[in-house]
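Top to bottom, those sequences are chains A and B.
Letter 191 of the first sequence, counting from 1, is numbered 191 in this note's numbering, and no numbers are missing.
All you need for this note's numbering is the position in the second sequence, starting with 1, plus 1000.
Using N, Cα and C, we set each Cβ at its ideal position, and we do this for glycine too.
Written below as structure tokens is the structure these notes are about.
Protein chains: 2
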Amino acid sequence: MPSSRPLRADAQRNRDALLAAARDAFLAGEADAHVEDIARRAGVAVGTLYRHFETREALVEEVYRQEVAELCAAPSALLEQHAPDEALRQFLLLLVEHAAIGKGMAAALASIMATDSPVFVDARAQMAACLDRLLAAGSGAGTIRADVDGKTLLRAMGGVCNLRAAEGWREDATRITALLFDGLRCRADITRD
Amino acid sequence: MPSSRPLRADAQRNRDALLAAARDAFLAGEADAHVEDIARRAGVAVGTLYRHFETREALVEEVYRQEVAELCAAPSALLEQHAPDEALRQFLLLLVEHAAIGKGMAAALASIMATDSPVFVDARAQMAACLDRLLAAGSGAGTIRADVDGKTLLRAMGGVCNLRAAEGWREDATRITALLFDGLRCRADITRD
DNA sequence: GAACTATACTGAACCCGGTTCACCTTAAGG
DNA sequence: CCTTAAGGTGAACCGGGTTCAGTATAGTTC
């Protein structure tokens, strides 16, 4: 409960250092970085890590939460600069990018996703809301079909973002996104039930 | 190296029991079942488990390998009974089913997928081959576009199969599969680069 | 600016769960 | 039967996340 009382100066510094250290480790592909390592990187002892985060997983969650928040800030700008369908396409690609950044985190997150922790549920909700906004704009403009919601699309994208294998995964992701986008486009020759 | 010498009768029995116990545990959603539990279920001691499987992960891998083998037997029958595009659609849905069965295994597999272990690489190759076959049949018949390969499609499906959340995940999966399928269909109004 | 105390930090010890291995059991051939 | 190599057992080990009693310090009060 951060509302209780502002953190002491050193505590805040350490907390930030821990988050930064963890992010660095994950981005470097060290998804399984040991708590001791993360603590060392941050220049503190393990105990300090546990003062700020209930558990190792909680730390991962917090890093993830920040990452998601950053991503979810994008749609506003996109909708101002592009037509709705293009904005949607761009955001889908951003999701891919986001996955690239979190490549190392994917493994770290596996347990969280599996556990269906509230953090992940939240994140999904946020991202789905972003997509809903973009989809609504597109279907309003008549360029995107109206029978798909953000939740569904997010799940589809979730897969695309799960590519871990090396060698051209980015091209693959882009191609798949294009494929999905083809399915999303509004066309007269397809009749929905 | 199973080619060396046939297993002793009791050894074979125990090995089978272990695989069955592990499969049961995973299917029951006990993705994190402890080795001791699995061993107990199989009516043996942990040491026996380790006599048959290098490591816990190796056991998971073996269960998965069997699962994949079973799935990859499907295309032949499908192609005999349906038109190529319908066969493809059916197989995509089978993939979803496969994921449903392995719901519990997904978590167990997370590390394997992340580690890019040869088992998973193999499995991907097998499944991609299945899809290639179906895609080829479809594009031969002129009903499926020819610019998507099995590897790409598998990755797209991989995401669909990663749905863990409760509540209507199956409907979601089906809808997404339909979406992808729309993207895959051969139509005059789309020109590829 | 010294004393005070709530807050924060430290790291050795703890615990859990996968893994090992020295010792015991038994299937299968003679 | 007897032999023996294959197989089974489970207590002990070990790595890594987690705890907590002891220690340090930011911020406040006089």
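Rounded to the nearest angstrom, the Cβ distance from A/Arg155 to B/Asp1182 is 16 Å, too far for a contact under 8 Å. A/Tyr64 sits close to A/Ala123, with the two beta carbons spaced by under 8 Å. Interface criterion met: the Cβ of A/Arg155 is under 8 Å from a Cβ in chain B. Scanning its chain for C-beta atoms nearer than 8 Å, with the 5 sequence neighbours on each side dropped, one finds around B/Leu1079 the residues Ala1087, Arg1133, Leu1134 and Ala1137, in chain order. For B/Glu1054 and B/Val1060, the gap between their C-alpha atoms comes out near 11 Å.
By the C-beta density criterion, A/Gly142 is exposed, having fewer than 16 other C-beta atoms within 10 angstroms. Contacts between A/Gly183 and chain B, judged by CB atoms closer than 7 Å, involve Leu1179, Leu1180, Asp1182 and Gly1183 in chain order. Per DSSP, the continuous alpha helix (DSSP H) segment holding A/Gly138 begins and ends at Pro118 to Ala141. When secondary structure is reduced to three states using DSSP, B/Arg1041 falls in the helix class. Beta bridge pairing from DSSP links A/Ile144 with A/Arg185. Residues of the region 47–60 of chain A with a Cβ closer than 9 Å to any Cβ of chain B: none. For the region 1131–1148 of chain B, residues whose beta-carbon sits nearer than 8 Å to a beta-carbon of chain A comprise Val1148. Flagged as an interface residue toward chain B: A/Asp172, by a C-beta distance shorter than 8 Å. What B/Arg1175 touches in chain A, judged by beta-carbon distance under 7 Å, is Thr152, going in chain order. Inside the region 1003–1036 of chain B, DSSP marks whole alpha helix (DSSP H) runs of 4 or more residues at positions 1009–1027, from first to last along the chain. Counting other Cβ atoms within 10 Å of its Cβ, A/Gly47 stays below 16 and is therefore classed as exposed. Annotated as distal: B/Leu1093 and A/Leu180, with beta-carbon spacing of 8 Å or more. With respect to B/Arg1041, B/Ala1025 sits close: the two C-beta atoms are nearer than 8 Å. Distance from the CA atom of B/Ala1178 to the CA atom of A/Glu57, rounded to whole angstroms, is 35 Å. Separation of B/Asp1085 and B/Ser1139 (C-alpha to C-alpha, rounded to the nearest whole angstrom) is 8 Å.
In this structure, B/Thr1174 is the residue among B/Arg1013, B/Arg1008, B/Thr1174 and B/Arg1015 with its C-alpha nearest to the C-alpha of B/Val1096. Straight-line measurement puts the Cα of B/Leu1131 at about 27 Å from the Cα of A/Cys186. Relative to the Cα of B/Leu1007, the nearest Cα in the group B/Phe1091, B/Arg1170 and B/Arg1051 belongs to B/Arg1051. If you compare the alpha carbons of B/Ala1077, B/Leu1049 and B/Ala1083 with that of B/Arg1015, the shortest gap goes to B/Leu1049. Secondary structure of A/His52 (DSSP, three-state): helix. Burial state of A/Val68 is buried, judged by a 10 Å Cβ sphere holding 16 or more other Cβ atoms. A straight line joining the alpha-carbon of A/Met157 with that of B/Asp1010 spans about 47 Å. Around the beta carbon of A/His34, a 10 Å sphere encloses fewer than 16 other beta carbons of the protein chains shown; the residue is thus reported as exposed. Taking 8 Å as the cut-off, the Cβ atoms of B/Gly1043 and B/Ala1074 do not count as close. In the structure shown, A/Ala87 adopts helical secondary structure according to DSSP, grouped into three states. Spanning the alpha carbons of A/Ala129 and A/Ala146 requires a straight line of approximately 15 Å. In the displayed model, B/Ala1156 falls within a helix according to three-state DSSP.
The straight-line gap separating the alpha-carbon atoms of A/Ala45 and B/Ile1144 is approximately 58 Å. Around the Cβ of B/Val1121, a 10 Å sphere holds fewer than 16 other Cβ atoms; the residue is exposed.
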